[in-house]
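Peer 1: Under the numbering used here, the residues of the sequence shown are numbered 1293 to 1455, in order.
Beta carbons are placed, not taken as given, at the ideal position from N, Cα and C, and that holds for glycine.
Take this structure first; my questions come after.
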Amino acid sequence: MIDRKRTACFTGHRNIPAQKIKNIEKQLDKIIEKLYQKGVIFYGAGGAHGFDMLAEKAVLRAKQRHDEIKLILVLPCKNQDKYWTTENKMEFAEILHKADKVVYTSEFYENGCMHKRNRHLVNFSGYCIAYLTKNSGGTAYTVNYARQTGLKTVNLGEIDYVK
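Laid out in structure tokens, this is it:
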């Protein structure tokens, strides 16, 4: 059985302005450390470009400091990277190789598989760390769903500076 109090998930936009990436990385490092101090050791992410990959890399950095931290990739389908560039496929393959667990919510891409992945991430978590800057799309849906189901939610899209 999953202990939701010890599990956090990530959701965010694929396209992030280049000038914001370093700050988001710092925010992710800080929040993962704070969550770890509260006993959170399981981190679920969806394997998409942009925020998901930034979050996955932050979890991998935290694993270097804390062995018990686990990266769980919850992927929409086995061939999700089919149309990605070679560079993006290589980056994803490295993260996939380092993940502690991989869950596929669908065998192949099908209508609704992204939605299914997002709900799975929320349903097994107690915390949701997001990068949300617009009120439409999959990230907005996932953050709203997380809030409706009682997850403690932090939106890094609302934070401009980390001290």
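(1) Among G1449, N1415 and E1383, whose alpha-carbon lies nearest the alpha-carbon of Y1437?
(2) Just verifying my parser: in three-state terms, what is the DSSP assignment at F1384?
(3) Count the other CB atoms, across all protein chains shown, that sit within 10 Å of the CB of H1305; report buried if there are 16 or more and exposed otherwise.
(4) Please report the straight-line C-alpha distance between P1309 and K1426, rounded to a whole angstrom.
(5) Please check the pair L1346 and L1320, which I expect to be a contact at CB under 8 angstroms, by giving their CB distance rounded to whole angstroms.
(6) Applying the 10 Å Cβ sphere with the 16-neighbour rule, what's the burial state of G1429?
(7) I'd like the span of the alpha helix (DSSP H) that includes V1414, first residue to last.
(8) Taking only three categories from DSSP, how would you classify K1318?
(9) Find out if the Cβ-Cβ distance for the pair C1413, G1339 is shorter than 8 angstroms.
Peer 2: Let's see:
(1) The residue labelled residue 1437 in the question sits at position 145 within the sequence shown. Check the Cα spacing between Y1437 and each of G1449, N1415 and E1383: the tightest is with N1415.
(2) Position 92 of the sequence shown, counted from the start, is the residue given in the question as residue 1384. Reduced to three states, the DSSP call for F1384 is helix.
(3) Against the sequence shown, residue 1305 aligns to sequence position 13. That one is buried.
(4) As a working note, residue 1309 is residue 17 in the sequence shown. As a working note, residue 1426 is residue 134 in the sequence shown. So the two alpha carbons sit approximately 14 angstroms from each other.
(5) Residue numbering aside, residue 1346 sits at position 54 when the sequence shown is read from its first letter. Residue numbering aside, residue 1320 sits at position 28 when the sequence shown is read from its first letter. Yes, L1346 and L1320 are in contact; Cβ-Cβ is about 6 angstroms, under 8 angstroms.
(6) By one-based count along the sequence shown, residue 1429 stands at place 137. Only exposed fits G1429, as fewer than 16 other CB atoms lie within 10 angstroms of its CB.
(7) What you label residue 1414 is simply residue 122 of the sequence shown in a count that begins at 1. C1405 to N1415 is the extent of the alpha helix (DSSP H) around V1414.
(8) By 1-based counting over the sequence shown, the position of residue 1318 is 26. Note: K1318 maps to helix in three-state DSSP.
(9) Along the sequence shown, read from residue 1 onward, the residue named residue 1413 stands at position 121. Along the sequence shown, read from residue 1 onward, the residue named residue 1339 stands at position 47. Checking the sequence, you will find Leu at residue 1413 rather than Cys. Against a cut-off of 8 angstroms, the Cβ pair of G1339 and L1413 comes out as no contact.
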